[in-house]
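Colleague: My questions will all concern the structure given below.
Protein chains: 2
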Amino acid sequence: MSKSVVPLTVADLGAEAPCCPPIAQNRIPAQTAATLAPAFKALGDPIRLQLLSMIASAEGGEACVCDLAPAFEISGPTVSHHLKVLREAGLVDAERRASWVYYRARPGLMRQLAALLTVDESVSV
Amino acid sequence: MSKSVVPLTVADLGAEAPCCPPIAQNRIPAQTAATLAPAFKALGDPIRLQLLSMIASAEGGEACVCDLAPAFEISGPTVSHHLKVLREAGLVDAERRASWVYYRARPGLMRQLAALLTVDESVSV
DNA sequence: GATCGGTTTCGACAGTTGTCGAGTTTGATG
DNA sequence: CATCAAACTCGACAACTGTCGAAACCGATC
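Chain order of the listed sequences is A and B.
Numbered continuously in numbering that gives the first Met the number 0, the first sequence closes out at residue 124.
Numbered continuously in numbering that gives the first Met the number 0, the second sequence closes out at residue 124.
Dropping the structure here:
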């Protein structure tokens, strides 16, 4: 796999949020933990994980609720609830166009979480 | 053991299971979501996030409960509870030596979660 | 073997979460 | 304007979570 070494700068990861070094590198401050834990919590549900994946991997980078909801066994209101959790966690954005609401992933926070979990390659499993 | 009915466990994901492509690349299967959501859930608490960070960033790669517990305001049993959640999620391992119990991070799962959240660089925030 | 310190387990309790059905809002179209 | 469809909000309820104090467990040391 090609390793295009364009280093991410802090600016790439979102303006106000403090971009964190990996948790395996420095002890995470309490305030940072309090800020980022809700994002992990939002990912801690199988339905929300699938929803985010469907949104983030969708053609054009966005997905309509009318396409998301039928993919699950649960009721419409429950899907709406899960989308709200993802929204309030800062992982997705919603936009209404005509009768439909389209969701779009916000990659900034996802990158932060991924960076946080990065482990040095030399460490063995 | 019958493969077809036994649900995928966290431990199974370590060695030969194909480590998941980013959720922004392909729609994540329901079974993968069900397997990995508990790991995110375990990270969804500020205390557990700090505990994991203290463990993963500790000198020698391990940390004693006797060093972890005093770093928080909560009671000993509650720290123990959070460590159990991290353990059952597959994020840490525990080992008793003499009177003390040492915790060590399991980087395999952390790498999987990080890979899952990876977003293509070309995507703008 | 009795005791002690470190850690976990147990039982209880308040607060949160996931789920649903019913009702509400929003925009399009007859 | 009336109606319809899409999506959300509300209220309720069972299940789960974080927390604690008390008790149990496990090695070490007396």
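C-beta: ideal position from N, C-alpha, C; glycine also.
(1) Please go through the same chain and pick out, in chain order, the residues whose beta-carbon is closer than 7 angstroms to the beta-carbon of residue 15 of chain B, but skip the five residues on each side of it.
(2) For residue 7 of chain A, I'd like the list of residues in its chain whose CB is within less than 6 angstroms of its CB, leaving aside the five on either flank, ordered along the chain.
(3) Which one of A:99, A:26, A:39 and A:117 has the shortest CA to CA distance from residue 62 of chain B?
(4) Using only the alpha-carbon positions, how far apart do residue 1 of chain B and residue 20 of chain A sit?
(5) Name the chain B residues that come within less than 7 angstroms of residue 157 of chain A, Cβ to Cβ?
(6) Taking just the CA atoms, how far does residue 59 of chain B sit from residue 103 of chain B?
(7) Residue 32 of chain B touches chain A at which residues, Cβ-Cβ below 8 angstroms?
(8) According to DSSP, simplified to helix, strand and coil, what is residue 26 of chain B?
(9) Mind pulling the beta strand (DSSP E) runs of 3 or more residues that sit fully within the segment 57–90 of chain B?
(10) Is residue 40 of chain A buried or exposed, if buried means 16 or more other CB atoms sit within 10 Å of its CB?
(11) In or out: residue 119 of chain B buried (at least 16 other Cβ within 10 Å) or exposed?
(12) Compile a chain-ordered list of the residues in the segment 70–94 of chain B whose CB is closer than 8 angstroms to at least one CB of chain A.
(13) What is the DSSP secondary structure of residue 41 of chain A, reduced to helix, strand or coil?
(14) Mind checking the segment 112–123 of chain A against chain B and listing, in chain order, the residues whose C-beta falls within less than 7 angstroms of any C-beta there?
(15) With respect to the beta strand (DSSP E) encompassing residue 103 of chain A, which residues constitute its N-terminal and C-terminal limits?
(16) When burial is assigned at 16 or more other CB atoms within 10 Å of the CB, is residue 80 of chain B buried or exposed?
(17) Using three-state DSSP, classify residue 5 of chain B as helix, strand or coil.
(18) Would you kindly check if the distance between the Cβ of residue 115 of chain A and the Cβ of residue 35 of chain A is under 8 angstroms?
(19) Taking the C-alpha atoms as reference points, what is the distance between residue 66 of chain A and residue 73 of chain A?
Modeller: Quick answer:
(1) Along the second sequence, one-based indexing puts residue 15 of chain B at 16. Its pLDDT being 38, under 50, residue 15 of chain B is placed unreliably in this model, and the value from its coordinates should be taken loosely. No residues qualify anywhere along the chain.
(2) Here residue 7 of chain A refers to the residue found at position 8 of the first sequence. For residue 7 of chain A, the pLDDT reaches just 35, beneath the cut-off of 50, and the residue's location in the model is therefore unreliable, although a value from the coordinates is still provided. No residues qualify anywhere along the chain.
(3) In the second sequence, residue 62 of chain B corresponds to position 63, counting from 1. Closest by alpha carbon: A:26.
(4) Residue numbering aside, residue 1 of chain B sits at position 2 when the second sequence is read from its first letter. Residue numbering aside, residue 20 of chain A sits at position 21 when the first sequence is read from its first letter. Note that residue 1 of chain B scores 39 on pLDDT, short of 50, meaning its location in the model is unreliable and no value can be drawn from it.
(5) With chain A covering only 0 through 124, there is no way to say anything about residue 157 of chain A.
(6) For this step, residue 103 of chain B is matched to residue 104 along the second sequence. For this step, residue 59 of chain B is matched to residue 60 along the second sequence. One C-alpha to the other measures close to 9 angstroms.
(7) The count along the second sequence starts at 1 and reaches residue 32 of chain B at position 33. Residues of chain A passing the Cβ test: 45, 46, 48, 49 and 52.
(8) To locate residue 26 of chain B, count along the second sequence from 1; it is residue 27. Of the three classes helix, strand and coil, the one that applies to residue 26 of chain B here is coil, per DSSP.
(9) 61–63
(10) Here residue 40 of chain A is taken as the residue at index 41 of the first sequence, counted from 1. By the 10 Å Cβ count, residue 40 of chain A comes out buried.
(11) As a first step, residue 119 of chain B is located in the second sequence; it is residue number 120 there, counting from the start. Exposed: under 16 other Cβ atoms inside 10 Å.
(12) none
(13) In the first sequence, residue 41 of chain A corresponds to position 42, counting from 1. Residue 41 of chain A falls in the helix class under three-state DSSP.
(14) 112, 113, 116, 117, 118 and 122
(15) Looking up residue 103 of chain A in the first sequence gives position 104. 99–104 is the extent of the beta strand (DSSP E) around residue 103 of chain A.
(16) Here residue 80 of chain B corresponds to residue number 81 of the second sequence, with the count starting at 1. Per the 10 Å Cβ criterion, exposed.
(17) Within the second sequence, residue 5 of chain B is the residue found at index 6, counting from 1. At residue 5 of chain B, the pLDDT of 38 sits below 50, so the modelled position is not reliable; the number obtained from the coordinates is stated separately. If DSSP states are grouped into helix, strand and coil, residue 5 of chain B belongs with coil.
(18) Position 36 of the first sequence, counted from the start, is the residue given in the question as residue 35 of chain A. Position 116 of the first sequence, counted from the start, is the residue given in the question as residue 115 of chain A. The answer is yes: Cβ separation under 8 angstroms.
(19) Taking the first residue of the first sequence as position 1, residue 66 of chain A is located at position 67. Taking the first residue of the first sequence as position 1, residue 73 of chain A is located at position 74. The straight-line gap from Cα to Cα measures roughly 14 angstroms.
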